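Contents: one structure, followed by commentary.
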Amino acid sequence: MIREGCFKEYVNTWNARFPQRKLISQVRDLHSKYGLSLFDARLVARSMGADEDIVLEVGENVLLRKRNDDLAIFHKVGDIWIQVDKGMDALDSEQILSKDSYMLLTSICDETKIFKARSEKELAKSTMRFMNRWCCIKGKLFSFGKREIWELSGDGRIRIYSNSLNDKSIFNSEDEIARHIEFYRKAHRFEFGSF
């Protein structure tokens, strides 16, 4: 379908079959119609499925996710899903379907370094220094351990990708990187059972 040039049409048809509204418009409607506070209107909108994902898998390495009427394209690198910034134009080429089309990763640090570092602050300081050497290259991908890929965005943030499609980002600051490293270490620490 990509080769024939009709895949974008197929995606647009799929997109139209699952209509969604932006969360903010649903919150405003609930707020004005029922007089709910904005916080309560947001809770009601979410309970009505406003933030639900609709996913279309394209082969083994590509996923299209629709959330709040926004379409995002993800490519799989190893077990990690990376969002493709090209938008629908990424679907013009069959290269998106290949396994090695996004393999230009620079390693920040491996699992051993993450878990054996004396403190999160020291590791965060060296990580930030390393990342700032590449700060002029927006979209540069870095592997962080075995479970995450980081991307520099143009607004001073680091987008963090993992095996889920959840959007996560942190500021490119020593404190935020240290907090994330602490979270990473707790979440992926080796646990030993009772003997």
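The sequence shown maps to residues 8 to 202 in my numbering. Ideal Cβ positions, reconstructed from N, Cα and C, are used throughout, including at glycine. Keep in mind it's a predicted model, so treat the numbers as computed, not measured.
{"Check": "Would you mind working out which of I144, L43 and L148 sits nearest I115, comparing C-alpha positions?", "Outcome": "L148"}
{"Check": "Verify whether the separation of the beta carbon atoms of I80 and V62 is less than 9 angstroms.", "Outcome": "no"}
{"Check": "Cα-Cα, which of K193, N139, K29 and R49 is closest to F178?", "Outcome": "N139"}
{"Check": "What does a CB cutoff of less than 7 angstroms around L37 pick up in its chain, not counting 5 residues either side in sequence?", "Outcome": "L43, A48, V51 and A52"}
{"Check": "Just grab the DSSP bridge partners of L70 for me.", "Outcome": "E64 and F81"}
{"Check": "Which ranges does the alpha helix (DSSP H) cover as unbroken runs of at least 4 residues, wholly within the segment 99-158, from first to last along the chain?", "Outcome": "118-123 and 127-140"}
{"Check": "Using DSSP bridges, identify the partner residues of F14.", "Outcome": "DSSP, once it has assigned bridges, lists no residue as partnering F14."}
{"Check": "Identify whether R196 lies in helix, strand or coil by the three-state DSSP scheme.", "Outcome": "coil"}
{"Check": "Which residues does DSSP pair with R166 in a beta bridge?", "Outcome": "E158 and S176"}
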